[in-house]
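So the sequence shown is residues 136 to 240, counted in our numbering.
C-beta: ideal position from N, C-alpha, C; glycine also.
Working notes, beginning with the structure itself.
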Amino acid sequence: MDFVNLEAQIDSSVKMLILCSPHNPVGRVWTREELTRLGEICLKNNILIVSDEIHFDLVYNEYKHIPIASISEALAKQTITCFSQVRLSIFGEYKHLLLLFQIVI
Numbered sequence: 136m137d138f139v140n141l142e143a144q145i146d147s148s149v150k151m152l153i154l155c156s157p158h159n160p161v162g163r164v165w166t167r168e169e170l171t172r173l174g175e176i177c178l179k180n181n182i183l184i185v186s187d188e189i190h191f192d193l194v195y196n197e198y199k200h201i202p203i204a205s206i207s208e209a210l211a212k213q214t215i216t217c218f219s220q221v222r223l224s225i226f227g228e229y230k231h232l233l234l235l236f237q238i239v240i
């Protein structure tokens, strides 16, 4: 993730960031460090994160999907996490992350 370029693009008009995790179509799984840094940037700039995590279960065994809302309580409050109900019925342990958010306007 190009954090330098991302931060250069942020101004007061930016209110939301859409994250695809894992990245679609290439299947890139973001590391905890990358998600933490992205979260820090969004928290610092009061940017809402909408995280599309519908493909969380489609990762190779050597990788682990990390929901960005699980990184910290502050990020959980700043994030809307999107999952598929069909996938959630199979992977019940993720139900606690479904639409964990608090929007402060």
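What three-state label does DSSP hand Ile145 in the structure shown? In the structure shown, Ile145 sits in coil (DSSP, three-state: anything other than H, G, I, E or B).
Environment of Phe138 [buried if 16+ CB atoms lie within 10 Å]: With fewer than 16 Cβ atoms within 10 Å of its Cβ, Phe138 is classed as exposed.
Rounded separation between Thr216 and Asp187 - CA only: Their backbone Cα atoms lie some 6 angstroms apart in a straight line.
For Ser148 and Thr214, I'd like the C-alpha separation in whole angstroms. 18 angstroms
Measuring CA to CA, which of Ala209, Pro157, Ala143, Asn159 is closest to Asn181? Ala209
Tell me which same chain residues have a C-beta within less than 6 angstroms of the C-beta of Arg167, skipping the five on either side of it? Ile201
For the candidate residues Leu154, Ile153, Arg163, Ala143, whose alpha-carbon lies nearest to that of Tyr198? Arg163
Buried or exposed, going by whether 16 or more other CB atoms sit within 10 Å of the CB of Ala211? buried
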